[in-house]
Each structure stands twice: as structure tokens, then as C-alpha cells.
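A.B. asks: The structure follows.
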Amino acid sequence: MKVILVRHAETEWNVRGVIQGQSDSTVTHRGERQTSALLAAFVANDYRVERVYASPLGRTWQMGQSLSECFGCSLVADTALKEQALGQFEGMSTAQLLQHHPNDANALFKLDAEYCPPEGESLAQATQRVISFLQNLQGTKEHQCVCIVSHGHVSQGVLAILKEGTIDNFSRYAHPNASYSVFDFLDGKCIALRWGIATHLLER
Numbered sequence: 038m039k040v041i042l043v044r045h046a047e048t049e050w051n052v053r054g055v056i057q058g059q060s061d062s063t064v065t066h067r068g069e070r071q072t073s074a075l076l077a078a079f080v081a082n083d084y085r086v087e088r089v090y091a092s093p094l095g096r097t098w099q100m101g102q103s104l105s106e107c108f109g110c111s112l113v114a115d116t117a118l119k120e121q122a123l124g125q126f127e128g129m130s131t132a133q134l135l136q137h138h139p140n141d142a143n144a145l146f147k148l149d150a151e152y153c154p155p156e157g158e159s160l161a162q163a164t165q166r167v168i169s170f171l172q173n174l175q176g177t178k179e180h181q182c183v184c185i186v187s188h189g190h191v192s193q194g195v196l197a198i199l200k201e202g203t204i205d206n207f208s209r210y211a212h213p214n215a216s217y218s219v220f221d222f223l224d225g226k227c228i229a230l231r232w233g234i235a236t237h238l239l240e241r
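In our numbering, each residue's number is its place in the sequence shown (first place is 1) plus 37.
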């Protein structure tokens, strides 16, 4: 099964440096242009996606709707694809977190996938949600090519697991807004991976 993993387009909170987690904010005008560029790239590459799955959060669902229209296929929401729940840090700026809780910020964004924010979940837990979703999806053998719309931080964890078999180096796997990764998933394992593709965004 071929999987195209997409991150949602830029939001107002992305621009302001506000931590989103499972909270939400509006997609910007630049984000709308990013979405258009992504759709054009998919048409140019002639991907034949049979179904789009998306996190039900507004920013991902909006991207999912655009993709399902582009591919002419159904769109399905699944809570397993949500961003990592960041608890009390949601709505706080990254700058504030670094200033007032530098150890927590470094653990969360760089060092420790097992770190759990207050009233949230660890990146390891969030990543396992998505990996389990992929394994279940692959087990159904229903589709040859699917598109999944998710979020930046949890996608880093997923890509680290798929590429290295461990989540330890998650911070290496940046996934910019409206970028995508492509991988082949066979018997519960990733056999090929291209990640963080963003060349379509160079002039956006």
C-alpha cells in the first residue's frame, strides 16, 4: 500500500508561533495558496489516490476536503490522526514556553518523545495512534494508494519510526506546512520513504 502523508496548510497560530496541539485556528491566505500548490503538484505527479483519511480538526479537515475533490475520492475522518495533545501548553506561544519552561520545551520539541505535557500525551503515545491506524489500514488490503492528512509534530514521530525503527530522532524529520511524504507500507513495515517534500512551495 502506498501512503501519501500530508501536513495541513499554514494557520494563523502557525504564523504567530502559538502552540496548537488539538486546539485549532484558521488557515491563512498563504495557507490557501499552499494548498493550491500542493494540489497542482499531485496532479503533475499523477497520483491515483483511492481514499483520503484526515484528522477531524478544522485545519486538517479543510485540507482533506481539497484533496478528496482533487482525487475524486471519498474523505474519512479518524481521531487517530489528530495532533499530539499538548494539554496546558495549547494556546501558549513557543516563545513563552521557552522562556518560562525551557526544560519542558526542549523535551517536547527536541529531546524526549516520552515526555508528557501537563494534561496532554507524549509524542510516543500520539505516534503509536497513527502507526496503529496505518497497520490496521494495511491489514484490510482495501486500497492500493491512500492519502492521510495529519499534523506537524506527530508526523515527525511517525516518520522517525518508519525511517529508523525508533522515535528517538524525531526532531530531524521536519514536515513543513502543506508538505508531504510518500512511503510504501507492506506487512506492517515501511519499505521506501521520501519525506518532507516541499519543492512545490518554493514560490509561495
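Every residue, glycine too, gets a C-beta built ideally from N, C-alpha and C. Since the structure is predicted, the reported quantities are computational estimates derived from the model, not experimental observations.
Can you tell me the Cα-Cα spacing of residue 223 and residue 165, whole angstroms?
C.D. replies: The straight-line gap separating the alpha-carbon atoms of residue 223 and residue 165 is approximately 17 Å.
A.B. asks: Using DSSP's beta-bridge definition, name the partner residues of residue 183.
C.D. replies: 40, 88
A.B. asks: Per DSSP, which one or two residues make a beta bridge with residue 166?
C.D. replies: Paired residues: none, contrary to the question.
A.B. asks: Which same chain residues end up closer than 6 Å to residue 59 when comparing Cβ atoms and leaving out the 5 residues on each side of it in sequence?
C.D. replies: 119, 120, 122
A.B. asks: Write down every uninterrupted run of the alpha helix (DSSP H) in the segment 175 to 240 whose length is 4 residues or greater and which is fully enclosed by it, in chain order.
C.D. replies: 189 to 201
A.B. asks: For residue 113, collect the residues of the same chain with a Cβ closer than 8 Å to its Cβ; drop the 5 residues on either side in sequence, then sort them by chain order.
C.D. replies: Same-chain partners within the cutoff: 88, 89, 90, 91.
A.B. asks: Would you check if there are 3 or more beta carbon pairs closer than 8 Å linking the segment 122 to 137 to the segment 41 to 55?
C.D. replies: yes
A.B. asks: Taking 7 Å as the limit between beta carbons, can you name the residues of its chain near residue 229, skipping five residues before and five after?
C.D. replies: 220, 221
A.B. asks: Is residue 218 closer than 8 Å to residue 194 when the C-beta atoms are compared?
C.D. replies: No.
A.B. asks: Could you pull the start and end residues of the alpha helix (DSSP H) that residue 114 belongs to?
C.D. replies: Looking at the DSSP string, residue 114 is not in any alpha helix (DSSP H); the run it does join, the beta strand (DSSP E), is 111 to 114.
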